[in-house]
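Asks: With the first letter of the sequence shown counted as 1, position 104 gets the number 104 in UniProt numbering; the numbers rise by one all the way through. Once you've had a glance at the structure underneath, I'll fire off some questions.
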Amino acid sequence: MTTAQADSATFTLRPAAPDDCEALVRLIGALAEYEQLTHLVQATPDALRTMLFGPRPVGEAVLAEVAGRAVGFALFFHNFSTFLCKPGLYLEDLFVEPAWRGHGIGKALLVHLARLARERDCGRFEWSVLDWNAPSIAFYEAMGADMLPDWRICRATGDALAAMAALPMPEGLTRTD
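Here it is as structure tokens:
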């Protein structure tokens, strides 16, 4: 747990626990509203609890709290760099409620994760940002992040994922799983 001063209020960073999933889903909803993506949100407290704290956790979260109330979060997971032959840390989402932006909470979350990446011997720490989100881009650049202009995110979800999975394997390929 880390405690810091945000202007006149003290905030605390701590790892999320199973009981925090309602607060996390509330913050995820606020993030989706900010990003104009509310139509994509399927997260529920129970589903998030399973994904983060179930038998096979796929991610971790850090909460930022002011006076015991969650006002921000970072959700992340490990990936792997074949070129570096090291794990990486991927920041899926970082969000701070509008009333608490500009108080150092986002910076504290990012620094916390950068330190965690170093402690875990990660070769890199990366994330994506919407191209229209100028305040976040400026913030990340001020923190020392490089924007990678030559890379694009590829994604298959829903029907596209199902269609891709249903494609026939190349002839002669043997699958051994």
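We put the beta carbon where it would ideally sit given N, CA and C, even for glycine. Because the structure is a prediction, the values reported are computed rather than measured.
1. To the nearest angstrom, report how far apart G72 and G144 are at their CA atoms.
2. Take P149 as the anchor and find which of F80, I137, K107 has the nearest alpha-carbon.
3. Let's test the definition: count the other Cβ atoms within 10 Å of the Cβ of residue 207 and tell me whether it reaches 16, buried, or not, exposed.
4. For G123, which option in R175, L130, A114, E60 has the closest C-alpha, if you only look at C-alpha atoms?
5. Under 8 Å: do the segment 77 to 85 and the segment 20 to 36 share three or more Cβ pairs, one atom per stretch?
6. Buried or exposed: which applies to L167, given that a residue is buried once 16 or more other Cβ atoms fall within 10 Å of its Cβ?
7. According to DSSP, is L113 helix, strand or coil?
8. Pick from R152, L116, E119: whose alpha carbon is nearest that of L131?
9. Got a sec, what are the start and stop residues for the beta strand (DSSP E) P87 sits in?
10. For V58, count the other beta carbons within 10 Å of its own beta carbon; 16 or more makes it buried, fewer makes it exposed. Which is it?
11. Relative to the alpha-carbon of Y90, which residue among S128, L109, W100 has its alpha-carbon at the smallest distance?
12. Restricting to runs no shorter than 3 residues, where is the beta strand (DSSP E) found entirely within the segment 2 to 81?
13. For F125, name the three-state secondary structure that DSSP assigns.
14. With distances taken Cα to Cα, identify the nearest neighbour of C21 among A47, C154, H39, M169.
15. My assumption, with CB atoms under 8 Å, is that P15 sits in contact with E60. Please give the rounded CB distance.
Replies: Put simply:
1. One-based indexing of the sequence shown puts residue 72 at position 72. One-based indexing of the sequence shown puts residue 144 at position 144. Looking at the two C-alpha atoms, the distance is approximately 21 Å.
2. On the sequence shown, position 149 is the one that residue 149 refers to. Answer by Cα proximity: I137.
3. Absent from the structure is residue 207, since the part of the chain shown begins at 1 and ends at 177.
4. Walking along the sequence shown from the start, residue 123 turns up at place 123. It is A114 whose Cα lies nearest to the Cα of G123.
5. no
6. Residue mapping note: residue 167 aligns to position 167 of the sequence shown, counting from 1. Looking at its Cβ environment, which holds fewer than 16 other Cβ atoms inside 10 Å, L167 is exposed.
7. Along the sequence shown, one-based indexing puts residue 113 at 113. Here L113 sits in helix by DSSP.
8. For the purposes of this step, residue 131 is taken as residue 131 along the sequence shown, with counting starting at 1. The residue asked about is misnamed: residue 131 is Asp in this sequence, not Leu. When only C-alpha atoms are compared, the closest one is R152.
9. Mapped onto the sequence shown, residue 87 falls at position 87. First-last of the beta strand (DSSP E) with P87: 86 to 96.
10. Here residue 58 corresponds to residue number 58 of the sequence shown, with the count starting at 1. Label assigned to V58: exposed.
11. As a first step, residue 90 is located in the sequence shown; it is residue number 90 there, counting from the start. Of S128, L109, W100, the residue nearest in Cα terms is S128.
12. 2 to 6, 9 to 15, 60 to 66, 69 to 81
13. Here residue 125 is taken as the residue at index 125 of the sequence shown, counted from 1. Of the three classes helix, strand and coil, the one that applies to F125 here is strand, per DSSP.
14. Translated into positions along the sequence shown, residue 21 becomes position 21. Looking at the Cα atoms, A47 is the closest of the given residues.
15. The residue given as residue 15 occupies position 15 in the sequence shown. The residue given as residue 60 occupies position 60 in the sequence shown. Confirmed, about 7 Å.
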